[in-house]
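Engineer: Chains as they are written, first to last, in this note's numbering: chain A, 1 to 491; chain B, 1001 to 1433.
Even glycine gets a Cβ: it sits at the ideal position worked out from N, Cα and C.
Predicted model, so just to flag it, every value in this text is computed and none were measured.
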Amino acid sequence: MEAWNETVKAALLGTDRNGWSEASLPAEVKEVLANVNLEEADQEEKFMKAASLMMTYHKAGTITPALPQIVDLKAGADIRPACSKKAADLLTATIAEGRRELTALWVQTCDKNGKRIPHWLLPEVLDLGASNEHLQQHVINISDARGQWLARFNPSWKYALPLSIEETWETGKPAERSKLLAHLRKNDPGRARELMASTWKQENATLRADFIKLLAENLTREDIPFLEDQLTDKSQKVRTEAKYLLRSLPGSSINDSVWEKLKQHIGLKASKAGRSEIVVKKVSAEDKELLLAGTEKDSETTVSLKEDERWYFHMISAIDPVRWEDHLRLPARDIIDLFGEAKKTQRLLPAFSLAAHRSMNTGWAKALLEAKVMANAVLLLKMFPLSERENLYCGIMENDISVVNAAFDDDPGHQWSLDFTRFVVKLSSADAYRFRKEWYRTITLHFHKEIIKELDKYGPSDIAMKSFWQGMSQEIVQAVEIREAITHSLK
Amino acid sequence: VNWTEEQVIALAPDPSASKSGRELASASRWVSRWMSERALWGECRGSGSIPYRTQIEIRSTAFKCSCPSRKFPCKHGLGLFLMFVRDPGGFIRSAEPDWVTEWLEKREQREQKRTGTEEPGAALAAKAKRAESRLKKVKGGIVETQLWLKDLLRNGLVSIPENSHSFWQSPAARMVDAQAPGIANMIRNLGDINYFTDGWQSELLEQLLKIYLLTEGFRNIDSLPPLMQEDVRSLAGFTKSQDELKASEGVKDCWQVLGRQIEREQELTVYRTWLYGTGTKRFAMVLQFVYRNQHVETGLIPGTGSLAELVFFPGTYQLRAIVKHHSSARPFTSPDGLKDWSEAEERYASVLASFPWLDKMPMLIKNITPIKENERWLMKDAGNKYVALKESYDRLWHLLSCSGGEPADMFVIREKNSCTPLGMWHDQQYRIL
């Protein structure tokens, strides 16, 4: 190495100035050089001949260095069995074809069936989790020990590393802490609240308000003491967020006040024809201010409401609808029908849907769906088991399949009955231009497999649309076939 | 032979073709699918009323399709092949129809013609005259290149980084005029050295000395042993006719395709396919230059084995080869490898002794573990010695995911200070990296 470095130095200086001589060469090189005729060679030629020999000698004698110490970086043993090669090939194909829905289904099914991905696919699958937060937990599970080991080396895959709750909470960035809190709130709501309380005094107002918002997930009576403490927080933002949550939390003093106020303002009276009708009193400015949290945002349903109506809307949506049955001494369906009779109260019906959803009151949800209260219908439908949902959907949506995707997106692996699939295919094929490839790619995950045998029976009457539908049919067949292959290969 | 989907997809000319090919790998898209000993064929529904006729010759994985696509293989060819790989049972065994037989026969005739043509005497004489004239020109160019080298070394290399890229263009252009494109390239490549990183000094001197050795070799070509004469001529840019090569006897063996490196330069793509003969225990490299979306038609698919006859370009270190004849595909087996880096170094040194221009050397090596030291990755052998992983290596995550920090047998391309793994044995299977 030294002799080669000397040769390089000499070349840098140039043969005019370097004073280089063969003496610096190793004996072996000198021995070979002695056999080379240099008599007629000038200084540069002599140098190049000697340096060429030196270069070859240097390259041939490179000794690979030994490491000073062995760094132990071995991955732990995987726990899950690997999926089949067929399943792995299907995953490679769905990723390569950009079939996001089928890829997500693959990952979820693999996790559900307790399998892991083969090692060589780990980079692709870890990338998938990095770009799709909803899939992350599944990706972590199916990546097993090798995946966690690999994730240590790539910052993009940090999400797959085992999470230290205390460490992340105490030293993490705000986004990481919020993510942790949201995750905990889903799986261990009490632990999330305790964690918040542990550092509450050290958090700034913006973070405190953001953290309170996260308590909306799995909100229970156990959260009342913590939230009521925040009603005296020095920050207005924190107070309003706490008030907003407490308002819809049965058992809280604010929720009770809302109900007391609603009872005073809404009642029944007999009409001239002797029938009952809903009476709604005017709300005082004081009441409005007292009970509105200040964080209410207008939705599509509330934006057209007048000020009083808007107040009623927010208050009704905060109360478990079952209370109305006691108050008005009527069953749910009758109350809904009475509200639906007058224009003034009709506009408040979607608030009952929100209330039924908040309190997970399926009796009211069913009554609202049967009464065809369409606003928030998807929310209500999703309160029912998948088997019941199909009938409810057909009953209320009649010829509208535009929200069928949203109504079943909580379980992409769920397969519809053949009848319900026929119902969807019949309507979508008749209006072929309206439903595009992307729509079918999601919806076909639910299709009954037998539908592919009958696709020829459906389709629009228009010839141009017919050819479009034929192309789409091929897409459907392919997607259903891949889905079936995924399901079978991951068993 | 069990082809894998990955191997089929590796044939696609671009990602869009592979995506479309996968989409067409569905029975619902095909009117019919057939197979014989020699070929696969099928009819695929397209937008028109007549389905496209797609056919594949199994032996050399050649494709033909009646669709208008310029891509090769087209999505129909890829789709048909993928379906075969996924479910050969879905193909009906049958006698070949006329349109398949015609194509197969034409291919065979073409191949026979390629290997059997002889040049007439007059053409040979003209060729010899042209060769003599070129030799003169090259020798003239070499004298000038040597003078240029001497000038550089007399003045010293220390100020070289101050020159712009065009500094190398003029001497390179001179060698193009002298009809020695190989030397011209070597000179042009001096401009690609990174003069902003430490180590350029050694790199530059090494490259200059290689040019010097080549010019000196050419000056004395008549006194060199015949194989070294071939080395010198080839490096200087004298090409060898592939037809001539194919006329000579090749090396028949079961050649395992260990990996492929692809370099893209504007519209030209260079494919280096690395092979290992399980019987002869020698490596081969098939070099192909492909313009735009043309397909590399060799039937050499990484991760597969093939019973074939290869003809090597003559030289002291015979590596580059062409495929003379394919007979059939063979299962991939696990060949022996070198036991550690020390043995690899010995092998490298022994080649270097007769071929000082050696840059890349393929190696099968056992028990290599990738490990991280500070910010760089090293490939450690069983004796704790290491070679650095090439900095530009882009398959690190796949290498690590298969290794899991455990030693594995690998196929690597060894360069001066680093190595590039192109494949490894994982779970008793060879995986292309």
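If I follow the unbroken alpha helix (DSSP H) through valine 1498 of chain B, where does it start and stop?
Structural biologist: In the structure as shown, chain B starts at 1001 and stops at 1433, and residue 1498 of chain B therefore has no counterpart that could be examined.
Engineer: For glutamate 1057 of chain B, name the three-state secondary structure that DSSP assigns.
Structural biologist: Looking at glutamate 1057 of chain B - three-state DSSP - the assignment turns out to be strand.
Engineer: Indicate whether lysine 297 of chain A and tryptophan 311 of chain A have their beta-carbon atoms separated by less than 7 Å.
Structural biologist: In this structure, tryptophan 311 of chain A does not lie closer than 7 Å to lysine 297 of chain A by Cβ.
Engineer: Of all the beta strand (DSSP E) runs that stay within the bounds of the stretch 1340 to 1390 of chain B, which reach a length of 3 or more residues?
Structural biologist: Those beta strand (DSSP E) runs which fall completely within the stretch 1340 to 1390 of chain B and span 3+ residues are 1361 to 1373, 1376 to 1380, 1386 to 1389.
Engineer: Determine which residues of the stretch 143 to 165 of chain A have a Cβ less than 7 Å from any Cβ of chain B, and write them out in chain order.
Structural biologist: Against chain B - using a Cβ distance shorter than 7 Å - the residues of the stretch 143 to 165 of chain A are Arg146, Trp149, Leu150, Phe153, Asn154.
Engineer: Is the Cβ-Cβ distance between glutamate 1206 of chain B and methionine 48 of chain A less than 7 Å?
Structural biologist: Not in contact: glutamate 1206 of chain B and methionine 48 of chain A (Cβ atoms no closer than 7 Å).
Engineer: Within 10 angstroms of the Cβ of leucine 1235 of chain B, are there 16 or more other Cβ atoms? Answer buried if so, exposed if not.
Structural biologist: Result: buried.
Engineer: Roughly how many whole angstroms lie between the Cα atoms of phenylalanine 1091 of chain B and alanine 1027 of chain B?
Structural biologist: Looking at the two C-alpha atoms, the distance is approximately 10 Å.
Engineer: Could you tell me whether the Cβ atoms of isoleucine 336 of chain A and alanine 367 of chain A are closer together than 7 Å?
Structural biologist: Yes. Within cutoff.
Engineer: Is the number of C-beta pairs between the stretch 227 to 242 of chain A and the stretch 206 to 213 of chain A that are closer than 8 Å three or more?
Structural biologist: Result yes; three or more Cβ-Cβ pairs closer than 8 Å.
Engineer: With which residues is methionine 397 of chain A paired in a DSSP beta bridge?
Structural biologist: Partner(s): none; methionine 397 of chain A has no beta bridge.
Engineer: Could you please tell me which residues of the stretch 1387 to 1406 of chain B, in chain order, have their CB closer than 7 Å to any CB of chain A?
Structural biologist: Cβ contacts with chain A: Val1387, Trp1397, His1398, Leu1400, Ser1401, Cys1402, Gly1404, Gly1405, Glu1406.
Engineer: Runs of 3 residues minimum, wholly inside the stretch 1252 to 1338 of chain B: which ones carry the beta strand (DSSP E) assignment?
Structural biologist: Entirely contained in the stretch 1252 to 1338 of chain B, the beta strand (DSSP E) runs reaching 3 residues are, in chain order, 1268 to 1277, 1283 to 1291, 1305 to 1312, 1321 to 1330.
Engineer: Out of B/Gln1229, B/Val1311, B/Gly1383, point me to the one whose CA is closest to lysine 1252 of chain B's CA.
Structural biologist: Of the candidates B/Gln1229, B/Val1311, B/Gly1383, the one whose C-alpha sits nearest the C-alpha of lysine 1252 of chain B is B/Val1311.
Engineer: Would you kindly report the start and end of the unbroken alpha helix (DSSP H) that includes isoleucine 476 of chain A?
Structural biologist: Unbroken alpha helix (DSSP H) run through isoleucine 476 of chain A: 463 to 489.
Engineer: Between glutamine 108 of chain A and chain B, is the shortest Cβ-Cβ distance under 7 Å, so that the two count as touching?
Structural biologist: Cβ-Cβ to chain B under 7 Å: no for glutamine 108 of chain A.
Engineer: Could you give the distance in angstroms between the alpha-carbon of isoleucine 1368 of chain B and the alpha-carbon of phenylalanine 468 of chain A?
Structural biologist: Distance between the alpha carbons of isoleucine 1368 of chain B and phenylalanine 468 of chain A is about 55 Å.
Engineer: Drop a sphere of 10 angstroms on the beta-carbon of arginine 1094 of chain B, count the other beta-carbons inside from all chains shown, and report buried for 16 or more, exposed for fewer.
Structural biologist: Note that residue 1094 of chain B is serine in the sequence shown, not arginine. Serine 1094 of chain B should be labelled exposed.
Engineer: Grab me the residues of alanine 1377 of chain B's own chain with a C-beta within less than 6 Å of its C-beta, minus the 5 sequence neighbours each way, in chain order.
Structural biologist: Per the sequence shown, the amino acid found at residue 1377 of chain B is tryptophan instead of alanine. Taken in chain order, the residues that qualify are Pro1370, Leu1389.
Engineer: For proline 26 of chain A and chain B, any beta-carbon pair shorter than 7 Å?
Structural biologist: So no, proline 26 of chain A is outside the interface.
Engineer: Just curious, the alpha helix (DSSP H) that alanine 407 of chain A is in, first and last residue?
Structural biologist: Alanine 407 of chain A -> alpha helix (DSSP H) spans 404 to 407.
Engineer: Classify aspartate 111 of chain A: buried if its beta carbon has 16 or more other beta carbons within 10 angstroms, exposed otherwise.
Structural biologist: Buried.
Engineer: Which residues does DSSP list as the beta-bridge partners of histidine 1426 of chain B?
Structural biologist: DSSP lists B/Gln1429 as partners of histidine 1426 of chain B.
Engineer: Per DSSP, isoleucine 278 of chain A forms a beta bridge with which residues?
Structural biologist: Answer is A/Leu268, bridged to isoleucine 278 of chain A.
Engineer: Put valine 373 of chain A into one of helix, strand or coil per three-state DSSP.
Structural biologist: Coil, per DSSP.
Engineer: Give the secondary structure of threonine 240 of chain A by DSSP, where H, G and I count as helix, E and B as strand, and everything else as coil.
Structural biologist: It is helical.
Engineer: Taking the alpha helix (DSSP H) that valine 1008 of chain B falls in, what are its first and last residues?
Structural biologist: Unbroken alpha helix (DSSP H) run through valine 1008 of chain B: 1005 to 1009.
Engineer: Quick one: what's got a C-beta closer than 6 Å to tryptophan 1255 of chain B's C-beta in the same chain, skipping five residues either side?
Structural biologist: Leu1275, Gly1277, Ser1306, Ala1308, listed in sequence order.
Engineer: Quick one: is methionine 1410 of chain B buried, meaning 16 or more other Cβ sit within 10 Å of its Cβ, or exposed?
Structural biologist: By the 10 Å Cβ count, methionine 1410 of chain B comes out buried.
Engineer: Indicate whether at least one CB of chain A lies closer than 7 Å to the CB of glutamate 1102 of chain B.
Structural biologist: Output row for glutamate 1102 of chain B: interface = no.
Engineer: According to DSSP, is isoleucine 1092 of chain B part of a helix, a strand, or is it coil?
Structural biologist: In the structure shown, isoleucine 1092 of chain B sits in a strand (DSSP, three-state: E or B).
Engineer: Could you spell out where the alpha helix (DSSP H) holding arginine 146 of chain A opens and where it closes?
Structural biologist: 136 to 151 is the extent of the alpha helix (DSSP H) around arginine 146 of chain A.
Engineer: Measure the C-alpha to C-alpha separation of arginine 434 of chain A and leucine 427 of chain A and round it to an integer number of angstroms.
Structural biologist: Rounded to whole angstroms, arginine 434 of chain A to leucine 427 of chain A spans 11 Å at the Cα level.
Engineer: Looking at chain A, is there any beta carbon in it that lies within less than 7 Å of the beta carbon of asparagine 1163 of chain B?
Structural biologist: Taking Cβ atoms only, chain A never reaches closer than 7 Å to asparagine 1163 of chain B, which makes this a no.
Engineer: Going along the chain, which residues of its own chain have a beta-carbon closer than 6 Å to the beta-carbon of valine 279 of chain A, five neighbours each way excluded?
Structural biologist: Excluding sequence neighbours, valine 279 of chain A sits near Gly267, Lys269.
Engineer: Return the chain-ordered list of same chain residues with a C-beta closer than 8 Å to the C-beta of glutamine 1179 of chain B, the five sequence neighbours on each side being excluded.
Structural biologist: Contacts found: Arg1134, Lys1137, Val1138, Gly1141, Gly1237.
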